[in-house]
Every structure is written in structure tokens, then in C-alpha cells.
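Peer 1: In the working numbering, the protein residues as written are 296 to 617.
Here it is: the structure, laid out below.
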């Protein structure tokens with residue numbers, strides 16, 4: 296028996312972590328004390344793609360990389376000191392720094408997940424939690440967003456990973472799709488293309504940084520139809536494959552994030568996010584440590600991590616997802 300990929304022995308080994316989670320939950324509920332549950336780290340400031348929908352390019356001014364020793368210090372001071380349970384590694388493209396990925400997996404066994412575009416070979420780490428593979432539509436749409444040949448590169452690397460790493464390797468592969476105005480009609484095709492090669496799929500919506508962003512799918516009939524389609528699929532044979540809870544999908548039909556560029560009820564405090572230099576990002580994981588950088592429009596936010604937390608943020612099984 297497993298709970299979100301964890302066997303009985305691992306759950307016992309992690310019991311001190313659940314104790315700290317319980318203290319955090321009690322502290323917030325009883326005293327309003329805000330202490331992060333998750334961590335997010337931009338482990339590199341470079342990417343091999345230039346996706347038209349990606350926030351990353353808006354807030355990057357430097358190209359420095361930190362050493363393994365420097366990242367170990369950040370892990371100890373930013374994440375372990377605050378008893379963060381799960382850390383998500385992003386970039387840039389994190390697979391351009393497999394040495395840093397290996398460090399996080401070692402420090403957070405079965406509690407480090409990696410968001411990757413999949414165009415680099417996917418490394419096998421025995422104790423990785425899972426990879427989030429970013430897919431932006433069917434092959435044609437994905438390549439329009441990410442560049443010619445990107446879909447096929449990702450497809451090959453995922454299939455190679457499954458072939459080379461045993462009959463349970465598929466459990467390490469999760470698909471993530473950020474829905475926007477260009478790809479929202481391809482949701483079913485994405486599921487059909489990737490279901491046989493992955494464990495789970497998660498959906499979120501594009502979050503704009505400027506008014507009039509053509510990729511933002513506005514609240515209204517078309518967006519609702521997409522969500523209703525996902526709810527129908529979630530109610531059928533795909534209930535265990537689509538990772539989004541039904542109530543989270545319903546929430547994403549409307550503004551839940553805040554007012555303008557200011558988060559209101561969004562629990563941004565629940566995820567401590569650092570950039571490639573180890574500086575904390577504000578107001579959230581797609582923000583920036585630079586005060587003069589562009590900010591996401593909170594009232595049009597479509598991020599899955601925070602919209603899930605506003606529902607039942609203290610459900611233990613949900614804490615074990617990224």
C-alpha cells in the first residue's frame with residue numbers, strides 16, 4: 296500500500312516531518328502563525344527555450360550560478376531550518392544543473408520534484424519524488440509555444456526514461472499543462488498523448504504579468520467549458536490520473552488570488568520561494584526578489600499550487616503533492 300508514492304516504511308521514517316507539519320497547522324489555526332509547508336527553488340538562471348507564455352524571462356537580470364556548497368547552505372537556512380516538507384526545483388531549465396538536482400534529492404529523499412521542459416535527457420535519481428514534465432498542447436501547439444521540435448524531444452526523453460529505468464519508472468513522470476488562450480482546446484489530446492507514459496497530470500492556468508496579455512484565458516464561458524470538461528473527466532475513468540481536486544478546478548473559474556498585483560487571501564506564505572541566488576521571491580513563486588521587477592496579476596492568477604492551498608491546505612495527503 297502506498298500514499299502518494301510513499302510506502303509504510305518511508306512514512307514511519309518521515310514521522311518527525313509530519314510532527315512538524317502538525318505543529319505548523321496548529322500554530323496557524325490557533326494563533327495565526329504563518330510558517331511555510333513547501334519550498335521552491337530556481338536552481339538556474341538559464342533556459343534553453345524561450346516559451347512565449349513563460350514568466351521567467353520577465354524577471355531575470357543576472358546569469359550567475361551558485362555552487363553546490365552555496366546551495367547546501369541555502370537548503371539548510373531557507374528550507375530545513377523552517378522544516379519545509381517538499382521542495383520543487385524550477386529554473387530556467389533545472390536539468391541544465393543535474394548536480395544541484397542530485398543535491399536536493401539527497402537532502403530531501405522522495406520530497407524533491409523537478410519542473411522540466413523535458414528537452415534534456417531525464418536523469419534517474421533513486422530518491423526523486425517525481426518530475427513535472429511541462430506540456431503545452433498537442434504537438435503542433437506545443438511547438439508553436441516552445442519552438443520547433445520541442446514536443447518530439449520531450450517525447451523521446453520521456454520514453455527513453457521509461458525504457459531505461461525499470462517497470463516502475465512511469466511513476467516518476469507527471470505531466471503539467473498550463474492552459475492558455477492558444478492551447479485550451481487541446482486538453483483532451485494532451486491527456487490522450489501522455490496518459491500511457493505518466494503517473495498523473497495536473498492543470499493550471501496562465502497567469503499574466505500585464506493587462507491585455509493575449510495568452511490569458513479570461514474568466515467566462517470558454518474557460519468554464521474547459522473546467523467543466525476536466526470535471527467530467529475527473530468524475531470518470533481519469534479520477535486518479537487528473538491530480539487536481541474538483542473544488543480546486545471550480546475555484547479557478549473566478550478570481551481567487553487577490554486585487555491587482557496584491558495577494559489577498561492567497562497563502563503565499565505557505566511556499567518559501569528562492570531565486571537562483573537564494574534570495575526570497577515576492578509575492579509568490581513566480582515573483583521576484585527584485586523590488587522593481589514585474590509582478591504577476593494576482594486577480595487573474597491561475598497557479599495550481601496556491602489555488603489548491605486555499606481549499607483544504609492542511610489536508611496531509613495534499614501536502615504530499617507539489
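Where a beta carbon is used, it is the ideal one built from N, C-alpha and C, also for glycine.
1. Identify, in the order they occur along the chain, each residue of the same chain with its Cβ nearer than 8 angstroms to the Cβ of residue 445, setting aside the five sequence neighbours on each side.
2. What is the rounded straight-line gap between the Cα of residue 418 and the Cα of residue 431?
3. Going by DSSP, what residues sit across from residue 384 in a beta bridge?
4. Do residue 592 and residue 551 have their C-beta atoms closer together than 8 angstroms?
5. Short of 6 angstroms in beta carbon distance, which residues of its chain neighbour residue 416, apart from the five on each side in sequence? Order them along the chain.
6. Who are the Cβ neighbours of residue 490 in its own chain at under 7 angstroms, not counting the five residues just before and after it?
7. State the Cα-Cα distance for the pair residue 455 and residue 488, rounded to the nearest angstrom.
8. Using a Cβ-Cβ cutoff of less than 6 angstroms, which residues in the same chain neighbour residue 248 once the five nearest sequence positions on both sides are dropped?
9. For residue 577, which residues does DSSP report across the bridge?
10. Can you say whether residue 383 is buried or exposed, counting buried as having 16 or more other CB atoms within 10 angstroms of its CB?
11. Based on the DSSP secondary-structure assignment, which residues constitute the bridge partners of residue 418?
12. Who are residue 429's beta bridge partners in DSSP?
13. Measuring only the C-alpha atoms, how far is residue 362 from residue 467?
14. In chain order, what residues of the same chain lie with their CB nearer than 6 angstroms to the CB of residue 546, ignoring the 5 residues before and after it?
15. If we count the other Cβ atoms within 10 Å of its Cβ and call it buried at 16 or more, is residue 520 buried or exposed?
16. Quick one, which of 595, 599, 403 and 407 has its alpha-carbon nearest residue 471's?
17. Roughly how many angstroms lie between the CA atoms of residue 434 and residue 496, to the nearest whole one?
18. Contact check, residue 475 vs residue 512 under 8 angstroms by CB: the rounded distance?
19. Using a Cβ-based criterion (distance less than 7 angstroms to any ligand heavy atom), does residue 510 qualify as near the ligand SAH?
20. Counting C-beta neighbours from all protein chains within 10 Å, is the total for residue 388 16 or more, i.e. buried, or is it exposed?
21. Give me the residue from 478, 400 and 425 with the minimum Cα distance to residue 440.
22. Let me check one thing: in DSSP terms, what residues is residue 568 bridge-paired to?
23. Within the same chain, show all residues whose beta-carbon is closer than 7 angstroms to that of residue 407, passing over the 5 residues directly before and after it, in chain order.
24. Just to confirm before moving on: does the CB-CB distance between residue 518 and residue 548 stay below 8 angstroms?
Peer 2: Checking against the coordinates, here is how it stands:
1. Residues of the same chain with a CB within less than 8 angstroms of the CB of residue 445, apart from the 5 flanking positions on each side, are 344, 412, 414, 437 and 438 in chain order.
2. The straight-line gap separating the alpha-carbon atoms of residue 418 and residue 431 is approximately 22 angstroms.
3. Per DSSP, the beta-bridge partners of residue 384 are 336 and 409.
4. No. Outside cutoff.
5. Only 452 meet the Cβ criterion.
6. 536, listed in sequence order.
7. Taking the CA atoms as reference points, residue 455 sits about 16 angstroms from residue 488.
8. There is no way to answer for residue 248, as the model of the chain reaches only from 296 to 617.
9. Partner(s): 583.
10. Looking at its Cβ environment, which holds 16 or more other Cβ atoms inside 10 Å, residue 383 is buried.
11. When DSSP reads this structure, residue 418 sits in no beta bridge, so it has no partner.
12. 471, per the DSSP bridge assignment.
13. When rounded, the distance between both Cα atoms is 27 angstroms.
14. Around residue 546: 602.
15. With fewer than 16 other Cβ atoms within 10 Å, it is exposed.
16. The shortest CA-to-CA distance from residue 471 to any of 595, 599, 403 and 407 is the one to 599.
17. Using only the alpha carbons, I get a separation of about 17 angstroms.
18. Contact flag correct, Cβ pair sits at about 6 angstroms.
19. This structure does not include the ligand SAH; it has no bound ligands of any sort.
20. By the neighbour-count rule (16 or more Cβ atoms within 10 Å), residue 388 is buried.
21. Considering only alpha carbons, the answer is 478.
22. Looking at the DSSP assignment, residue 568 forms a beta bridge with 335.
23. Here the set comprises 382, 384, 399, 400, 423 and 424.
24. A contact, by the Cβ cut-off of 8 angstroms.
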